[in-house]
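Below is one structure, written out as structure tokens; comments come after it.
There are 2 protein chains.
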Amino acid sequence: MNIVLLSGGSGKRLWPLSNEVRSKQFLKLLSDEQGNHESMVQRVYRQIVQAGIEAKIVVATSATQVEAIRGQLQNDVDIVVEPERRNTFPAILLAAVYLETQKKVDPDETVIVLPVDPFVDVAYFETFKEMDAKVQEGSADIVLMGIKPSYPSEKYGYIIQKEQGIVTGFKEKPDATTAANLIESGALWNGGVFAFRLRYLMQIADEHLKQVGNGKRDFWNVVKNYAQLKKNSFDYEVVEQADSLAVVLYNGSWKDIGTWNTLTEEMEKESIGDVIMGEDCINTHVINELSIPVVALGTKDLVIAAGQDGILVSDKHKSSYIKPYVENLSNRPMYEERRWGEYKVYDYSQYSDGTRSITKHITINAGCAQEYEVHRYKDEVITVANGSGELVIDGCLIKFSCGDTISIKRGQKHGIRAFQDMQLISVQIGEDITEEDAETFNWHWQEDKSL
Amino acid sequence: MNIVLLSGGSGKRLWPLSNEVRSKQFLKLLSDEQGNHESMVQRVYRQIVQAGIEAKIVVATSATQVEAIRGQLQNDVDIVVEPERRNTFPAILLAAVYLETQKKVDPDETVIVLPVDPFVDVAYFETFKEMDAKVQEGSADIVLMGIKPSYPSEKYGYIIQKEQGIVTGFKEKPDATTAANLIESGALWNGGVFAFRLRYLMQIADEHLKQVGNGKRDFWNVVKNYAQLKKNSFDYEVVEQADSLAVVLYNGSWKDIGTWNTLTEEMEKESIGDVIMGEDCINTHVINELSIPVVALGTKDLVIAAGQDGILVSDKHKSSYIKPYVENLSNRPMYEERRWGEYKVYDYSQYSDGTRSITKHITINAGCAQEYEVHRYKDEVITVANGSGELVIDGCLIKFSCGDTISIKRGQKHGIRAFQDMQLISVQIGEDITEEDAETFNWHWQEDKSL
């Protein structure tokens, strides 16, 4: 079995913790069975393993999420980077071609596609075995997962089945009466989980790739000519065109925890981080990622979220209306997870003479190394607040440790490797202090006995 | 006329904006007539001037407040530093001896003592003229200000007058019925404003100083032996022992704005700083001193205050119960106004190897200079993010400007003077990174043509 996880877009609905590079699925606000914080991505991966599913896992996502996925799932998954955001059809096609041409997956194997962030029981993933069996016995082109509806929702799509397991149609977002009738007649919610033989999608891919690039079903051809693929959803482009569709029931918890209101319902504790709750707080959740304390007194039905990007104080029921208020806020990420560690921004200033400066706290994990890169428009001064490591600057190696400071001028190639966990304070000064002003080069670190 | 402003203790009731070095009277949350933010101290000073009072003004306070007062009132006032906190009697005695022996004030002049933070009308200060006249005509040893009660408060002290203006007694915090009866019979609230001839207090001082130090009524003798003075309030030690007391009526607004609830009532706008208020917010005030935005959605009866020390989200009526929740929080100031500018702390970390680091953003105003000082237990790396100035290090002068970095080792004397406004990022690393690890030396900056 092969699993394709679709890791979707950047959302502002969980502002200030989610941003352009940190989608909601990477926020570590849930708890695993040992009570450790985990993100939605980590939860889904853990549940797949717990369900006893043995599968190759590929995450289809955009380049901005690669570092976060590597940081959270290490090398347990393959990552396929969508060259641009073009809806689910091209993304799934890209991932499937990757499986076939790069991973040499047998075309008769099952591929199951799902979103990366369903909040579900382990039983959800156990259902995959049944879906796989149905695909392998050839009972339908595509096997869907149908979720047992718990109320006549107007927000979801419904899968209509004639008799048990045979899909005859779909209904998107019906009104409440229609929804109730649909449920009465056995319709299920459509959870966006699709299973099919890899061979089936390859046939469709061939059709679509005829006019694309060199016309070949080749991974790099798809990558290079991704912009020519139809910007359509997999539902419309594939599922609704299939000759035969089957459905397998999942009768368990299934939630979208995309707003603060729904997310806080699933939090094990009422607070995360440095938080003091007065005894009179009622139905209040506080998530604090800052290094200063949050004190809540006498609050009711509130969510308080504090992060490097800002501070939200919202009535829980109003929290889903956040988007227009934060849409126009600066998009500069103030916190990023990277494969070598993380950084947070302390300060970001523009001065009257037009220069800008940014002050960051950078953590490089022991044994990890930053990119070897060059900035064109900014100088950088780095002070080692803790730990030790080595700096390569224009090809020269310098060991440095706690208390040392290094001045790197624009145009100088540089990279840092940590021997022990390193805490760095970096001040960048220049006209352009965005993350985009960085050109990377290859650098092969020598093996080091001290690591 | 001479005015002694008593600038009282550090309060945590306006946490996170007030702290050990930044008492509530220094928070710039009020608005002057042009709509500019001003602090309670600045407001009182402005009102004294507006009332047409011509007086020498002395602020009696602790050493921790000197920098903030100089920053907010410049050299418009004298400051008398209480060697330790010992209640109002020794503080007023010290200030009065300062007026007589250091400022050579005529002993027949009137001295009016008041707390630095009454929230009142200008008419309050106009009353001073009447008090001065009463003192000068010799109608009583001490003339008090009596505030027209607006309700039978159980929190205040009452001044009982037999006939108009002649004080016969006091009543502290009566129950509501007693308070109503007192008001009925003409009693007034005691606002803690005392007027007397300097000569009168000098006689009392002589009594008290007989056994203190060299027994002389000399400013430096009082300073040196301050710990021997009676730790008592001026009310008990002087006012209640006086042979004759008069009272002058102030019939106007008089408030204690020492809690978030009372303070926000006096704020001109519902928010200060980078704040986005959703349209559904009701009776919500937000004060944000951080550089990241605060977004409030659907909140009701809330005060939200965000500063370098932390973030408070409180029901307005519960905000006065804050003390026990914040009492044990770190006392390290995260923001300080200094006479040369200000600093804020971005980060304060302790590492597993026992070393600590602190990262600060320091602003030195053009033409101003920091202390010439030495640290014994910490090294410091300073990066100039903007502006230019000069550094003196062990007696050597170095000009430095935007992008430069300086490494100062423990034991090296150093000081910085700004030519233009300077923005510095300072990283201090060591075992002791408190503000106390600083020994100052004299340094005479050469006159500089560029200033």
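If you're matching them up, the sequences are chains A and B in order.
Under my numbering, the first residue of the first sequence carries the number 1395, and numbering increases by one thereafter.
Under my numbering, the first residue of the second sequence carries the number 1395, and numbering increases by one thereafter.
Idealized CB from N, CA, C, for every residue including glycine.
Quick caveat: nothing in here was measured; it's all calculated off a predicted structure.
For residue i, the nearest candidate out of the options (CA to CA)
i               : options                               : result
I1802 (chain A) : A:V1821, A:D1815 and A:T1455          : A:V1821
I1473 (chain B) : B:P1484, B:K1450, B:N1481 and B:I1752 : B:K1450
E1660 (chain A) : A:K1498, A:D1515 and A:P1501          : A:D1515
I1541 (chain A) : A:G1748, A:D1535, A:Y1552 and A:S1533 : A:Y1552
V1632 (chain B) : B:V1587, B:H1808 and B:Y1492          : B:V1587
Q1475 (chain B) : B:T1693, B:M1539, B:V1616 and B:A1832 : Here residue 1475 (chain B) turns out to be Val, not Gln, going by the sequence shown. For V1475 (chain B), the nearest C-alpha among the options comes from B:V1616.
G1580 (chain B) : B:K1618, B:V1641 and B:L1603          : B:V1641
P1546 (chain B) : B:E1566, B:Q1555 and B:K1556          : B:E1566
V1812 (chain B) : B:S1795, B:D1637, B:K1523 and B:I1666 : In the sequence as displayed, the identity of residue 1812 (chain B) is Ala instead of Val. Answer by Cα proximity: B:S1795.
Q1459 (chain B) : B:I1800, B:A1445, B:K1649 and B:P1477 : B:P1477
A1621 (chain A) : A:R1479, A:Q1428, A:S1714 and A:Q1558 : A:R1479
V1768 (chain A) : A:G1761, A:E1731, A:N1759 and A:A1832 : A:A1832
G1672 (chain A) : A:K1523, A:S1627 and A:L1691          : A:L1691
G1405 (chain B) : B:V1786, B:D1709, B:V1720 and B:Q1806 : B:V1720
Q1840 (chain A) : A:D1650, A:V1786 and A:A1760          : A:V1786
G1704 (chain A) : A:D1741, A:T1799 and A:W1734          : A:D1741
H1602 (chain B) : B:N1619, B:E1662, B:S1713 and B:L1623 : B:L1623
Y1766 (chain A) : A:T1753, A:G1735 and A:H1838          : A:H1838
L1424 (chain B) : B:V1499, B:E1448, B:F1513 and B:E1494 : B:F1513
V1398 (chain B) : B:G1446, B:E1427, B:F1522 and B:N1430 : B:F1522
L1846 (chain A) : A:H1755, A:V1778 and A:A1517          : Here chain A has residues from 1395 to 1845 only, and residue 1846 (chain A) is not among them.
Q1484 (chain A) : A:S1456, A:G1465, A:R1464 and A:Q1466 : The question names Gln, but residue 1484 (chain A) is Pro in the sequence shown. Out of A:S1456, A:G1465, A:R1464 and A:Q1466, A:S1456 has the C-alpha closest to the C-alpha of P1484 (chain A).
G1809 (chain B) : B:I1819, B:L1538 and B:F1835          : B:F1835
K1422 (chain A) : A:R1437, A:P1718, A:V1415 and A:K1807 : A:R1437
Y1644 (chain A) : A:E1548, A:K1549 and A:L1538          : A:L1538
S1533 (chain B) : B:K1498, B:F1590, B:E1520 and B:N1584 : B:F1590
E1717 (chain B) : B:P1410, B:G1402 and B:K1604          : A quick correction: the sequence has Lys, not Glu, at residue 1717 (chain B). The candidate whose alpha carbon is nearest that of K1717 (chain B) is B:P1410.
F1420 (chain B) : B:A1573, B:Y1715 and B:V1435          : B:V1435
E1414 (chain A) : A:D1526, A:I1560 and A:N1722          : A:N1722
G1465 (chain B) : B:C1762, B:V1739 and B:S1665          : B:C1762
R1804 (chain A) : B:G1797, B:K1807, B:M1525 and B:G1805 : B:G1797
V1689 (chain B) : B:I1536, B:S1665, B:D1695 and B:K1710 : B:S1665
K1497 (chain A) : A:Q1605, A:D1674 and A:M1395          : A:M1395
Assumed close pair residue i, residue j - CB separation to whole angstroms, cut-off 8 Å
i               : j               : result
Q1814 (chain B) : S1782 (chain B) : 6 Å
V1529 (chain A) : V1453 (chain A) : About 21 Å; that fails the 8 Å criterion.
E1461 (chain A) : R1733 (chain A) : 5 Å
T1653 (chain B) : R1407 (chain B) : 6 Å
S1713 (chain B) : N1626 (chain B) : Between N1626 (chain B) and S1713 (chain B) the Cβ distance is about 32 Å, and since that is not below 8 Å, they are no contact.
G1646 (chain B) : Y1518 (chain B) : 6 Å
L1639 (chain A) : D1500 (chain A) : Not a contact, Cβ separation roughly 23 Å.
K1604 (chain B) : T1658 (chain B) : So it is not a contact: roughly 49 Å between Cβ atoms.
CB contact below 8 Å: residue i versus chain C
i               : result
L1508 (chain A) : No chain C is present in this structure, whose protein chains are A and B.
Residues of the region 1766 to 1785 of chain B with Cβ closer than 7 Å to any Cβ of chain A, in chain order: D1773, V1775, T1777, A1779 and N1780
Segment contact flag, the region 1766 to 1773 of chain A with the region 1815 to 1829 of chain A, C-beta cutoff 8 Å, min 3 pairs: Here the region 1766 to 1773 of chain A lies against the region 1815 to 1829 of chain A, with 3 or more beta-carbon pairs under 8 Å apart.
Under 8 Å (Cβ pairs) to chain B, residues found in the region 1697 to 1716 of chain A: I1698, A1700, Q1702, D1703, G1704, I1705, L1706, V1707, S1708, D1709, H1711, K1712, S1713, Y1715 and I1716
Three CB pairs or more closer than 8 Å across the region 1671 to 1681 of chain B and the region 1691 to 1700 of chain B: yes
Meets three-Cβ-pair contact criterion under 8 Å: the region 1716 to 1728 of chain B and the region 1788 to 1795 of chain B: no
The region 1435 to 1444 of chain A in contact with the region 1744 to 1764 of chain A per 3-pair CB rule at 8 Å: no
Cβ-based contacts, 8 Å cut-off: residues of the region 1613 to 1643 of chain A near chain B: none
The region 1485 to 1493 of chain A in contact with the region 1598 to 1615 of chain A per 3-pair CB rule at 8 Å: Enough Cβ pairs lie closer than 8 Å, so yes.
At least 3 beta-carbon pairs within less than 8 Å: the region 1499 to 1511 of chain B vs the region 1589 to 1607 of chain B: yes
Contact list for the region 1817 to 1833 of chain B against chain A, Cβ threshold 9 Å: Q1817, I1819, V1821, I1823 and G1824
Near-chain B residues of the region 1682 to 1698 of chain A (beta-carbon distance less than 8 Å), N- to C-terminal order: Residues of the region 1682 to 1698 of chain A with a C-beta less than 8 Å from any C-beta of chain B: N1682, L1684, S1685, I1686, P1687, V1688, V1689, A1690, L1691, G1692, T1693, K1694, L1696 and I1698, listed in chain order.
Chain A contacts from the region 1405 to 1438 of chain B (Cβ-Cβ distance under 7 Å): Answer in chain order: no residues at all.
Minimum length 3: unbroken beta strand (DSSP E) runs contained in the region 1575 to 1638 of chain B: 1582 to 1591
Members of the region 1727 to 1759 of chain B that neighbour chain A once the beta carbon cut-off is set at 8 Å: From the region 1727 to 1759 of chain B, only M1728, Y1740, D1741, Y1742, S1743, Y1745, D1747, T1749, S1751, T1753 and H1755 have a Cβ closer than 8 Å to chain A.
Whole runs of the alpha helix (DSSP H) within the region 1434 to 1480 of chain B, excluding any shorter than 4 residues: 1434 to 1444 and 1460 to 1467
Minimum length 4: unbroken alpha helix (DSSP H) runs contained in the region 1711 to 1777 of chain A: 1717 to 1720
Residues in the region 1539 to 1558 of chain A having any Cβ partner in chain B nearer than 7 Å: none
Interface residues of the region 1795 to 1819 of chain A facing chain B [CB-CB below 8 Å]: C1796, G1797, T1799, S1801, Q1817 and I1819
Chain A contacts from the region 1655 to 1675 of chain B (Cβ-Cβ distance under 7 Å): I1670, G1672 and D1674
Uninterrupted beta strand (DSSP E) stretches inside the region 1494 to 1553 of chain A (no shorter than 3 residues): 1504 to 1509 and 1536 to 1541
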